[in-house]
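In the numbering used here, the protein residues as written are 1 to 282.
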């Protein structure tokens, strides 16, 4: 028996990072949106032996891969045996991009294994398990449009955003998430901005209002040699209504009001940055 799951990427329409909490995590508030760029996770039951195989891109260490960690956590939580299950990951979401690829892959593994082994497990229980794997993983159990709070693991549904198209540009550089958070801890780096207006814009499904309210705390602390500003300017020049760093970077997205404009912009930008993706909210 086999189960295939799409592991969708996300963008952060807002990402407000607060001060460091006593547990070492930062408080965050983020309006997160799933987009139609995805990896594919396939889980296939085996021949009865209690083994687990995970096929990941050759650049990754299998034991460190979140797919493997998710599978091990699932079987430990449910008490079921793996019976020789094989998990295969087909990657399309770029790494070190702020698009949530690793977290989404982990969530897809949990969903696939639930289908194969424990279909009665609720979303709530799966989200609790997901939160142990990473702050973003619970979002990918639900997907759609969500408000993330806490350290990012507490997600609440928002009215679905269906309008607009995203052009996502991934430059060659990658940012360390830990380093980006460290930079935010430096005096004067935090800037408070309210996500309430973005929530209103999303509820109205108004892409122009969404574009006005895009904001991300990490934009203030990107490395000085970052291509962030160059990419944002290029997206604007191609007609983007708004632009933003996604997550802790390094991917940058532009928001467009129709598919044809987004596609034309992507073709122009690929002359400078080969990794450009056109996606819609899903």
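Glycine included, each C-beta is placed from N, C-alpha and C at the ideal position. Source: prediction; values computed, not measured.
Residue closest to residue i, alpha-carbon to alpha-carbon, out of the options
i, options, result
"residue 101", "227, 35, 87, 80", "35"
"residue 84", "113, 197, 234", "113"
"residue 158", "204, 216, 235", "204"
"residue 292", "207, 193, 227, 128", "The requested residue 292 is not part of the displayed model; the chain covers only 1 to 282."
"residue 21", "181, 219, 98", "181"
"residue 67", "42, 79, 80, 77", "42"
"residue 97", "229, 70, 81, 10", "10"
"residue 103", "82, 259, 65, 80", "65"
Distance, residue j Cα to residue i Cα
i, j, result
"residue 31", "residue 137", "15 Å"
"residue 250", "residue 47", "42 Å"
"residue 185", "residue 201", "30 Å"
"residue 244", "residue 196", "18 Å"
"residue 179", "residue 134", "17 Å"
"residue 105", "residue 239", "32 Å"
"residue 214", "residue 38", "23 Å"
"residue 123", "residue 272", "42 Å"
"residue 161", "residue 256", "13 Å"
"residue 121", "residue 142", "14 Å"
"residue 88", "residue 99", "20 Å"
"residue 153", "residue 130", "9 Å"
"residue 128", "residue 281", "25 Å"
Integer Cβ distance of residue i from residue j, believed to fall under 8 Å
i, j, result
"residue 25", "residue 132", "The pair is not a contact, with the Cβ atoms about 13 Å apart (cut-off 8 Å)."
Residue i vs residue j beta-carbon contact at 8 Å
i, j, result
"residue 28", "residue 13", "no"
"residue 139", "residue 253", "no"
"residue 242", "residue 212", "yes"
"residue 110", "residue 126", "yes"
"residue 268", "residue 278", "no"
"residue 170", "residue 223", "no"
"residue 108", "residue 44", "no"
"residue 248", "residue 218", "yes"
"residue 344", "residue 53", "Residue numbering for the chain in the displayed model covers 1 to 282; residue 344 lies beyond these limits and cannot be assessed."
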